[in-house]
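> Here the protein sequences line up with chains A and B, keeping their order. Quick note on my numbering: the first sequence kicks off at 53 and runs consecutively. Quick note on my numbering: the second sequence kicks off at 39 and runs consecutively. Here a beta-carbon is modelled for each residue, glycine too, at the ideal position from N, C-alpha and C. Pasting a structure here, questions to come.
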Amino acid sequence: MSTATKTKEKEAKERQQARRPRKRSGAEAVVEALKAQGVELIFGMTGGAIMPVYDALYRDGSIRHIIVGHEQGGAHMAEGYAKVTGRPGVVMTTSGPGATNLTTGLADAIMDSVPLVAITGQVPTTLIGNDAFQETDVRGITTPITKHNYLLKSPHDVPRAIAEAFYIAGSGRPGPVVVDIPKDVSVGATDASLPQRLELPGYKPPYEGHPRQVQRALELLRNAERPVILAGGGVIHAEAADELRELAELLRVPVVSTLMGLGNFPRDHRLSLGMPGMHGTGYANLALHYCDVMLCVGTRLDDRITGKLDEFAPQARVIHIDIDASEIGKNVPAVVPIVGHAKPVLKALIEGVKRWDSIPDWTPWWGQIERWKREFPLRYREKADVIAPQRVIEELDELLDDDAIITTGVGQHQMWAAQYYTFTRPRTLLTSGGLGTMGFGLPAAIGAKLAAPERTVVCVDGDGSLLMTIQELATAVNYRVPILEVVINNCALGMVKQWQHLFFERRYAESLLKPPPFDRVAQAFGALGRRVERPEELPGALKWALREAEARRLPVVLDVIVDPDERVFPMVPPGGANARFIPSDPQELEPEG
Amino acid sequence: MPGLNGSGPHPEKLHPIAAIVRNESGVLARIAGLFARRGFNIDSLAVGETEDPRYSRMTIVVRGDDKVLEQVVKQLNRLIDVIRITDFVETPHVERELALVKVHAPPGRRGEIIELVEVFRAKIVDVSRRTLTVELSGDADKVDAFIDLIKPYGVVELARTGRIVLARGRERALPVPQPAQGQKEEQEEVAQR
Chain A
53 MSTATKTKEK
63 EAKERQQARR
73 PRKRSGAEAV
83 VEALKAQGVE
93 LIFGMTGGAI
103 MPVYDALYRD
113 GSIRHIIVGH
123 EQGGAHMAEG
133 YAKVTGRPGV
143 VMTTSGPGAT
153 NLTTGLADAI
163 MDSVPLVAIT
173 GQVPTTLIGN
183 DAFQETDVRG
193 ITTPITKHNY
203 LLKSPHDVPR
213 AIAEAFYIAG
223 SGRPGPVVVD
233 IPKDVSVGAT
243 DASLPQRLEL
253 PGYKPPYEGH
263 PRQVQRALEL
273 LRNAERPVIL
283 AGGGVIHAEA
293 ADELRELAEL
303 LRVPVVSTLM
313 GLGNFPRDHR
323 LSLGMPGMHG
333 TGYANLALHY
343 CDVMLCVGTR
353 LDDRITGKLD
363 EFAPQARVIH
373 IDIDASEIGK
383 NVPAVVPIVG
393 HAKPVLKALI
403 EGVKRWDSIP
413 DWTPWWGQIE
423 RWKREFPLRY
433 REKADVIAPQ
443 RVIEELDELL
453 DDDAIITTGV
463 GQHQMWAAQY
473 YTFTRPRTLL
483 TSGGLGTMGF
493 GLPAAIGAKL
503 AAPERTVVCV
513 DGDGSLLMTI
523 QELATAVNYR
533 VPILEVVINN
543 CALGMVKQWQ
553 HLFFERRYAE
563 SLLKPPPFDR
573 VAQAFGALGR
583 RVERPEELPG
593 ALKWALREAE
603 ARRLPVVLDV
613 IVDPDERVFP
623 MVPPGGANAR
633 FIPSDPQELE
643 PEG
Chain B
39 MPGLNGSGPH
49 PEKLHPIAAI
59 VRNESGVLAR
69 IAGLFARRGF
79 NIDSLAVGET
89 EDPRYSRMTI
99 VVRGDDKVLE
109 QVVKQLNRLI
119 DVIRITDFVE
129 TPHVERELAL
139 VKVHAPPGRR
149 GEIIELVEVF
159 RAKIVDVSRR
169 TLTVELSGDA
179 DKVDAFIDLI
189 KPYGVVELAR
199 TGRIVLARGR
209 ERALPVPQPA
219 QGQKEEQEEV
229 AQR
C-alpha cells in the first residue's frame with residue numbers, strides 16, 4: 053500500500069471521526085463552533101442564562117474575552133473589530149436586559165452592513181412564553197434589526213446554527229445575526245457535528261454582474277459627457293478599493309465617496325471630490341447634480357446623500373452596482389441595474405474599458421469641476437483665543453499616518469472629521485452612518501485597537517456622544533487598550549443646536565449640556581486625561597497623548613474645549629435640493645448674540 | 039419614498055404572490071413583520087405545507103403598483119427563510135378561495151337561497167332553524183359575487199381563506215429544492231445507525 057493511499061485512508065478516518073464527535077454539552081458545542089470559525093476575541097457580559105456557555109469558554113481557555121461595561125458597548129466593540137478586520141465581530145450576552153441592551157448595536161450594524169454574530173442566552177425552552185425572570189422575546193425583538201436570527205430548540209441545532217450565522221453575517225451584504233440559546237440547550241448533550249456543507253436554499257448571495265448589464269454600463273460611460281462615480285461603503289466591504297481606483301484612473305472620472313465609503317478612494321487623489329450630501333463638499337454635490345452618467349457602487353443612496361429626491365441628479369442616467377438587489381431602484385431609479393459583488397463587477401468594467409481604443413475627453417467637465425472647487429472650498433474661520441473644532445481634525449490629520457484608524461460619535465464632530473481628515477485607505481474611518489448612534493466612537497475604538505494593536509486608533513468624539521458610552525473607559529483601562537479619545541467639547545448637542553440656530557429661530561431646546569470635566573473623569577477611571585483650551589496648546593497636547601497612550605499602555609482622554617458657536621458647513625437644508633447648499637456660515641460676520 | 043404606499047404614477051393592482059418558505063416556527067411572523075415594517079398592504083394571506091413537508095407555500099395577495107411589487111419581491115427575497123417568490127400577475131394560473139357563509143334563512147326564504155347555492159355550485163354544510171351555512175369555492179370574483187347576492191338575506195358570519203394559486207400547465211413554477219447529495223447520504227447514514 054502506497055503512502056498516499058495510507059494518508060488518504062487516515063484522512064478519511066479522521067473525517068469520519070470529525071463527523072461523529074463525542075457527546076458534549078450544547079455550550080461546549082458553541083465554543084467548538086466558534087473556534088472552528090477562527091474566533092479569537094469575544095466582547096460580552098455574562099449573566100444567568102448564558103453562564104453555561106461562559107463556563108465552557110472558561111474551561112476551554114483559548115478564546116480571549118473582553119468584559120464590557122454595557123452590552124451596547126460590547127456590540128459597538130464587535131462592530132469596531134469587524135470594520136477593521138472585515139471578519140464578523142462576536143458579542144455575547146445573557147437573556148432579557150443583556151439582549152435588549154444589544155439592540156442599538158444590532159440596529160447600527162444592519163444599517164451599516166457590519167458583520168456581527170451575537171450570541172444571547174435565553175431562559176430554558178420549558179419557560180419560554182411564561183414571562184420568566186430575564187425573559188424577553190429576543191427573536192421577535194431583533195427580527196427587524198438583524199439579517200437573520202435563530203432561537204435554538206435543541207442542543208443538536210448548535211453546530212449548524214453557529215456555522216450558518218457566521219456564513220450569513222459575513223457573506224453577501226454583511227449584517228448582524230443573533231443566535232438565541234436557551235439554557236437547557238446549552239446544558240443538554242449533543243453529538244451533532246459541524247456541518248460539512250450548509251443547506252441554505254433561500255440564501256444565494258450574488259457575485260458576478262450580468263454581462264449584458266456590464267456591457268450597457270460601459271456604453272453609457274463611453275457616451276457620457278459629464279460622468280461621476282459615487283462610491284459607498286460596499287466598496288470597502290467588497291475589498292474593491294484597488295479596482296475602484298484602477299477604473300477611475302483609467303477613465304479619469306471624478307470619484308465622490310459617501311460617508312460610509314470614505315477611505316475607499318484616496319481623498320488626496322486628484323480625482324477625489326470628497327463626500328456628497330447634507331454636509332458634503334459643494335463641488336461633490338454640484339458634480340452629482342449636473343452629471344449625465346452616475347456610476348453608483350455599493351451605496352444605498354439614502355436621504356442624507358440625495359437630499360430632496362425629486363431634484364437629485366435630474367439629468368443623470370444611473371448605473372447602480374449593489375450586492376443587494378433591493379437597494380437598486382429603491383430610492384433613485386437605475387437605468388442600468390447590476391446586481392453583484394463590487395469587486396468582480398468593477399473588474400469586468402475595467403476589462404471593458406481597457407478594450408476601448410480611446411478614453412473620451414472629459415476636459416470641459418473637469419474645467420467646470422475645477423471652477424466649483426475654487427468657488428466652494430472647504431473653509432472655516434479661526435479665532436485667536438478659542439480652538440476651532442476643524443483645526444483639531446486638521447492637526448490629527450497632520451500627526452497621524454495613513455494607517456491610523458479614526459472612530460467617531462455622531463453629530464458635528466463626526467461631520468468635521470469626515471470633511472477635514474484625509475482618509476486614504478479603506479477601513480480607516482469607523483463611524484455610525486445609517487443609524488446615527490451617538491456613543492459609537494469609544495467602544496468602536498476599543499474594538500478596533502484590539503483587532504489591530506499595532507495601529508494608532510483615535511476616537512474623535514463629542515461631549516454628548518461620549519457620555520452615552522463613557523463606562524467603556526473602564527474596559528479600555530482594565531485591558532490596557534491604548535486609544536486616544538479626543539473630545540470636541542462644545543458643551544452642547546452641537547448638531548441639534550446648529551439646526552435650532554438655523555431653523556428654529558435660535559431656541560436651543562434641551563441641547564445645551566453641562567458635561568463633567570472629562571480629563572478628571574478619565575483620571576478617576578485610571579486613564580490619562582488632559583484638558584486643552586488654548587489653540588497654541590493643541591499640537592503639543594495631541595503629541596503628548598499619542599506618545600503617552602503607547603508608553604503607558606493606557607487610554608488617554610483629551611478634553612478639547614472648542615468654539616461653541618462653530619457650525620458645520622456646507623449644509624443642504626433638510627428636505628432641500630443638494631445643488632442649493634449653504635456654502636458657509638451665513639452668520640459668519642455677525643457677532644454672536 | 040413616493041409610490042411605496044401606492045400613491046405613485048403606476049396603477050394599483052392586486053398581485054397574487056407565492057412564496058415557498060422554510061416550514062419552521064417564526065417564519066410567518068418574519069414575513070408579516072416585513073410587510074408591516076415597510077408599509078406594504080396585504081389583501082389576504084394563506085399558508086400551508088407543500089408537497090415537501092420541509093417547506094410551506096404562502097400565497098399573499100398584495101395591493102400596490104409595479105414599483106411597490108418590485109420592492110415586495112426584493113425584500114421577501116432578502117429573507118433567508120424565503121426560498122422562492124413568484125408574482126402571478128403575468129403568469130397564467132388557477133386560483134381558488136374557500137368561503138363559509140352563515141346566512142339568515144327563515145323557512146320562507148330558504149328556497150331562494152338554495153337556488154342561489156345551486157347556481158354557484160356551492161354546498162350547504164350546516165342547517166339550523168334560522169340559518170344555512172354555505173360552503174363555496176372559486177376564484178375571488180365568484181366568491182365576491184356570491185356574497186354580494188346573498189347579503190340582502192342577512193349574512194350572520196363569514197369566513198374566507200384567502201386565495202391560493204398555482205401556475206397552469208405541467209411545469210412547477212416553484213420547484214421545491216431537492217435535498218442535496220451530501221444531505222441524502224447523511225440521511226441514509228442516520229437511517230442505518
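Determine the direct distance from the alpha carbon of A:Ile498 to that of A:Gly592, and round the result to whole angstroms.
As a first step, residue 592 of chain A must be located in the first sequence, where it is residue number 540. As a first step, residue 498 of chain A must be located in the first sequence, where it is residue number 446. Rounded to the nearest angstrom, the two C-alpha atoms are 24 Å apart.
> Is the closest heavy atom of the ligand FMN to the C-beta of B:Tyr191 under 7 Å?
The ligand FMN is absent from the structure shown, which contains no ligands of any kind.
> Can you check DSSP and say which residues form a bridge with A:Ile94?
Within the first sequence, the letter at position 42 stands for residue 94 of chain A. A:His117.
> Of all the options A:Ile214, A:Leu554, A:Leu250, which has the alpha carbon lying nearest to the alpha carbon of A:Ile171?
Position 119 of the first sequence, counted from the start, is the residue given in the question as residue 171 of chain A. Among A:Ile214, A:Leu554, A:Leu250, the Cα nearest to that of A:Ile171 is on A:Ile214.
> Taking only beta carbons into account, state which residues of the stretch 71–105 of chain B come closer than 7 Å to chain A, listed in chain order.
Those would be Gly71, Arg75, in chain order.
> Any residues in the stretch 249–264 of chain A with a beta carbon nearer than 8 Å to a beta carbon of chain B? Which ones, in chain order?
Residues Arg249, Glu251, Leu252, Pro253, Gly254, Tyr255.
> Which whole-angstrom value is the C-beta distance of A:Leu303 and A:Ile411, which I expect to be below 8 Å?
Numbered from its first residue, the first sequence carries residue 303 of chain A at position 251. Numbered from its first residue, the first sequence carries residue 411 of chain A at position 359. Confirmed, Cβ separation roughly 6 Å.
> DSSP on A:Asp209, reduced to helix/strand/coil?
Residue 209 of chain A sits at position 157 when you count from the first residue of the first sequence. A:Asp209 falls in the helix class under three-state DSSP.
> For a test of the three-state rule: what should DSSP assign to A:Arg431, helix, strand or coil?
If you number the first sequence from 1, residue 431 of chain A lands on position 379. Here A:Arg431 sits in coil by DSSP.
> Taking A:Pro226 as the reference, which of A:Arg274, A:Pro567, A:Pro257 has the closest Cα?
Working through the first sequence from its first residue, we reach residue 226 of chain A at position 174. With distances taken between Cα atoms, A:Pro226 lies closest to A:Pro257.
> Kindly indicate which residue of A:Ile457, A:Ser165, A:Thr474 has the alpha-carbon position closest to the one of A:Leu482.
Mapped onto the first sequence, residue 482 of chain A falls at position 430. Looking at the Cα atoms, A:Ile457 is the closest of the given residues.
> Is the separation between the beta-carbon of A:Lys399 and that of A:Glu295 shorter than 8 Å?
As a first step, residue 399 of chain A must be located in the first sequence, where it is residue number 347. As a first step, residue 295 of chain A must be located in the first sequence, where it is residue number 243. Cβ atoms of A:Lys399 and A:Glu295: closer than 8 Å.
> Measure from the C-beta of B:Leu117 to each C-beta in chain A and report whether the shortest distance is under 8 Å.
Here residue 117 of chain B refers to the residue found at position 79 of the second sequence. Chain A, which has a Cβ nearer than 8 Å to the Cβ of B:Leu117, makes this yes.
> Please classify A:Pro643 as buried or exposed, where buried requires at least 16 other C-beta atoms within 10 Å of its C-beta.
Here the question's residue 643 of chain A lines up with position 591 in the first sequence. Note on A:Pro643: pLDDT 44, under 50, position unreliable in the model; the coordinate value appears next. Under this definition A:Pro643 is an exposed residue.
> Is the Cβ of A:His200 closer than 8 Å to any Cβ of chain B?
Position 148 of the first sequence, counting from 1, holds the residue named residue 200 of chain A. Yes, A:His200 lies at the interface with chain B (some Cβ there is under 8 Å from its Cβ).
> Can you give me the C-alpha to C-alpha distance between A:Gly315 and A:Asp455, rounded to a whole angstrom?
Here residue 315 of chain A corresponds to residue number 263 of the first sequence, with the count starting at 1. Here residue 455 of chain A corresponds to residue number 403 of the first sequence, with the count starting at 1. About 11 Å.
> For a cutoff of 8 Å on Cβ pairs, would you count A:Leu203 as touching chain B?
Taking the first residue of the first sequence as position 1, residue 203 of chain A is located at position 151. Yes, because at least one Cβ of chain B sits closer than 8 Å to the Cβ of A:Leu203.
> Does the count of Cβ pairs from the stretch 431–441 of chain A and the stretch 515–530 of chain A closer than 8 Å reach three?
Cβ pair count under 8 Å is below three, so no.
> Could you tell me the distance, in whole angstroms, from the CA atom of A:Lys566 to the CA atom of A:Gly461?
Stepping through the first sequence from its first residue, residue 566 of chain A is reached at position 514. Stepping through the first sequence from its first residue, residue 461 of chain A is reached at position 409. Roughly 18 Å separates the two Cα atoms.
> May I have the straight-line CA-CA distance separating A:Arg212 from A:Lys75, to the nearest angstrom?
Taking the first residue of the first sequence as position 1, residue 212 of chain A is located at position 160. Taking the first residue of the first sequence as position 1, residue 75 of chain A is located at position 23. Approximately 16 Å, taken between the alpha carbons.
> Could you pull out every unbroken beta strand (DSSP E) segment of at least 3 residues lying fully inside the stretch 562–586 of chain A, listed in chain order?
DSSP runs (the beta strand (DSSP E)) wholly in the stretch 562–586 of chain A: 580–584.
> Quick check on this structure: which residue in A:Leu606, A:Ala579, A:Val612 has the alpha carbon closest to the alpha carbon of A:Leu594?
In the first sequence, counting from the first residue as 1, residue 594 of chain A sits at position 542. For A:Leu594, the nearest C-alpha among the options comes from A:Val612.
> Using a beta-carbon distance below 8 Å, is B:Glu50 in contact with chain A?
For the purposes of this step, residue 50 of chain B is taken as the residue at position 12 of the second sequence. Taking Cβ atoms only, chain A never reaches closer than 8 Å to B:Glu50, which makes this a no.
> Name, going along the chain, the residues of the stretch 117–133 of chain B whose beta-carbon falls closer than 9 Å to a beta-carbon of chain C.
Annotation note: the requested chain C is absent from the structure, which comprises protein chains A and B.
> Give a yes or no on whether the C-beta atoms belonging to A:Val120 and A:Gly113 are separated by under 8 Å.
On the first sequence, residue 120 of chain A is found 68 positions in, with the first residue counted as 1. On the first sequence, residue 113 of chain A is found 61 positions in, with the first residue counted as 1. Not in contact: A:Val120 and A:Gly113 (Cβ atoms no closer than 8 Å).
> May I ask you to report which of helix, strand or coil DSSP gives A:His122?
Within the first sequence, the letter at position 70 stands for residue 122 of chain A. Note: A:His122 maps to coil in three-state DSSP.
> Look at the alpha carbon of A:Asp236 and the alpha carbon of A:Thr177, and state the distance between them as a whole number of angstroms.
One-based indexing of the first sequence puts residue 236 of chain A at position 184. One-based indexing of the first sequence puts residue 177 of chain A at position 125. Straight-line Cα distance between these residues: approximately 7 Å.
> Going by beta-carbon coordinates alone, are A:Leu109 and A:His117 separated by less than 8 Å?
One-based indexing of the first sequence puts residue 109 of chain A at position 57. One-based indexing of the first sequence puts residue 117 of chain A at position 65. It is a contact, given that the beta carbons lie within the stated cut-off.
> Check whether the stretch 173–186 of chain B touches the stretch 124–139 of chain B, counting contact only when three or more Cβ pairs, one atom from each stretch, lie closer than 8 Å.
Counting Cβ pairs under 8 Å, three or more are found: they touch.
> Classify A:Tyr560: buried if its beta carbon has 16 or more other beta carbons within 10 angstroms, exposed otherwise.
As a position in the first sequence, residue 560 of chain A is number 508, starting the count at 1. A:Tyr560 is exposed by the Cβ-count criterion.
> Rank B:Leu154, B:Lys105, B:Val163, B:Ala67 by C-alpha distance to the C-alpha of A:Ile193 and give the top, closest one.
Numbered from 1 along the first sequence, position 141 holds the residue referred to as residue 193 of chain A. Cα-wise, what sits closest to A:Ile193 is B:Ala67.
> Counting pairs of beta carbons, one from the stretch 106–118 of chain B and one from the stretch 51–69 of chain B, are three or more of them closer than 8 Å?
The stretch 106–118 of chain B, when compared against the stretch 51–69 of chain B, does touch it at the 8 Å Cβ threshold.
> Can you give me the Cβ contacts of A:Pro247 inside the same chain, cut-off strictly under 7 Å, excluding the 5 residues immediately before and after it?
Walking along the first sequence from the start, residue 247 of chain A turns up at place 195. Excluding residues within five positions, the ones whose Cβ falls inside 7 Å are Pro211, Arg212, Ala215.
> With DSSP collapsed to three states, give me the class of A:Glu588.
Locating residue 588 of chain A in the first sequence gives position 536, counting from the first residue. Here A:Glu588 sits in helix by DSSP.
> Quick one: Cα of A:Phe364 to Cα of B:Glu62, how far?
Numbered from 1 along the first sequence, position 312 holds the residue referred to as residue 364 of chain A. Numbered from 1 along the second sequence, position 24 holds the residue referred to as residue 62 of chain B. Near 43 Å, if we compare the C-alpha coordinates of B:Glu62 and A:Phe364.
> What distance in whole Å lies between the Cβ atoms of A:Val239 and A:Gly485, which are believed to be in contact at a cut-off of 8 Å?
Sequence index remark: in the first sequence, residue 485 of chain A carries index 433 (1-based). Sequence index remark: in the first sequence, residue 239 of chain A carries index 187 (1-based). In fact, because the Cβ distance is near 40 Å, the residues do not count as touching under 8 Å.
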